[in-house]
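> Here it is: the structure, laid out below.
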Amino acid sequence: MNENQIIQGCKAKRRDAQMHFVNTYSNMLFAVCKRYAKDYHTSQDYLQESLVHILNNIEKYQSNDNFKGWIHTVTVRKCLVLLRKEKRNMFNELEENYDAIQNENVHYQLEKEEVLKFMEELPDNYRIVINMYLIEGYSHKEIADHLGISESSSRTFLTRARRRIQEAFEDNEVSLFRAS
18 MNENQIIQGC KAKRRDAQMH FVNTYSNMLF AVCKRYAKDY HTSQDYLQES LVHILNNIEK
78 YQSNDNFKGW IHTVTVRKCL VLLRKEKRNM FNELEENYDA IQNENVHYQL EKEEVLKFME
138 ELPDNYRIVI NMYLIEGYSH KEIADHLGIS ESSSRTFLTR ARRRIQEAFE DNEVSLFRAS
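Count the sequence shown with our numbering and you get residues 18 to 197, in order.
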């Protein structure tokens with residue numbers, strides 16, 4: 018089945034099209050869920066919730082939109098909703114007080130799995146903000162609106178996440194390869 022046939026079949030609630038949808042797009046969407054979830058099992062839960070949500074709302078998809086972009090955005094938003102339900106107050110308190118420190122001399126080329134593994138170890142608020150800002154391309158205002166925090170909190174979480182990553186890489190806690 019091609020993408021258009023999958024979409025039309027899913028809109029018609031055909032089981033075969035829904036199965037093709039799941040088989041075709043699950044890996045892509047699971048990668049998105051992994052960036053927001055704390056662990057593998059939570060990622061699976063987020064994926065399942067996202068797939069069900071997409072299939073239940075596929076009639077809202079406009080054929081002039083990029084389908085992969087649409088399901089990606091729906092998945093990100095679903096992950097954020099699920100995170101809010103799990104951790105209603107995770108963004109209300111700042112645990113540590115770091116000053117923003119920039120070190121322009123740190124340049125590393127990292128393997129994807131090592132980065133994802135390290136990202137899982139970041140506190141939820143840091144991981145979510147860094148994903149939204151660096152990977153999804155949201156502005157601090159958009160992040161603040163989605164998460165119900167202030168723009169300055171978004172900036173603070175991003176700065177702290179960057180600092181933790183930088184410190185880990187400088188201390189060689191993560192195996193790194195120097196860029197040549």
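For each residue, glycine too, the CB sits at the ideal point set by N, CA and C.
(1) Nearest chain B C-beta to F38 closer than 8 angstroms, yes or no?
(2) Applying the criterion that 16 or more other CB atoms from any shown protein chain within 10 Å of the CB defines a buried residue, is A29 buried or exposed?
(3) Could you tell me if R177 is buried or exposed, where buried requires 16 or more neighbouring beta carbons within 10 angstroms of its beta carbon?
(4) What is the C-beta distance between M149 and I160, in whole angstroms, given that I count them as a contact (C-beta under 8 angstroms)?
(5) To the nearest angstrom, how far is the alpha carbon of I98 from that of N44?
(6) As a quick exercise: from L64, K77, Q65 and R94, pick the residue whose alpha carbon is nearest that of D162.
(7) Would you kindly work out how many angstroms separate the C-alpha atoms of I145 and Q79, rounded to a whole number?
(8) Which residue's Cα is closest to the Cα of S171: A185, D141, E184 and E187?
(9) Determine the direct distance from the alpha carbon of V91 to that of I71, and round the result to whole angstroms.
(10) Quick one: give me the first and last residue of the alpha helix (DSSP H) that A34 is part of.
(11) Quick one: what does DSSP say N74 is sitting in, helix, strand or coil?
(12) By the three-class DSSP mapping on this structure, what secondary structure does Q22 have?
So, to answer that:
(1) Chain labels in this structure do not include chain B; a single protein chain is all it has.
(2) Indexing the sequence shown from 1 puts residue 29 at position 12. It is exposed - the Cβ of A29 has fewer than 16 other Cβ atoms within 10 Å.
(3) As a working note, residue 177 is residue 160 in the sequence shown. Classification of R177: buried, given that the 10 Å Cβ count is 16 or more.
(4) The residue labelled residue 149 in the question sits at position 132 within the sequence shown. The residue labelled residue 160 in the question sits at position 143 within the sequence shown. For M149 against I160, the beta-carbon gap comes to about 5 angstroms, under 8 angstroms, which counts as contact.
(5) Taking the sequence shown and counting its residues from 1, one reaches residue 98 at position 81. Taking the sequence shown and counting its residues from 1, one reaches residue 44 at position 27. According to the sequence shown, residue 98 is Val rather than Ile. Going from the Cα of V98 to the Cα of N44 covers about 21 angstroms.
(6) For the purposes of this step, residue 162 is taken as the residue at position 145 of the sequence shown. When each option's Cα is compared against that of D162, the closest is R94.
(7) On the sequence shown, residue 145 is found 128 positions in, with the first residue counted as 1. On the sequence shown, residue 79 is found 62 positions in, with the first residue counted as 1. Cα to Cα, the separation comes out at about 28 angstroms.
(8) The residue labelled residue 171 in the question sits at position 154 within the sequence shown. The shortest C-alpha separation from S171 is found at D141.
(9) Within the sequence shown, residue 71 is the residue found at index 54, counting from 1. Within the sequence shown, residue 91 is the residue found at index 74, counting from 1. The alpha-carbon of I71 is positioned some 7 angstroms away from that of V91.
(10) Looking up residue 34 in the sequence shown gives position 17. Taken as a continuous stretch (DSSP letters only), the alpha helix (DSSP H) holding A34 covers R32 to Y53.
(11) Counted from its first residue, the sequence shown places residue 74 at position 57. If DSSP states are grouped into helix, strand and coil, N74 belongs with coil.
(12) Sequence index remark: in the sequence shown, residue 22 carries index 5 (1-based). Note: Q22 maps to helix in three-state DSSP.
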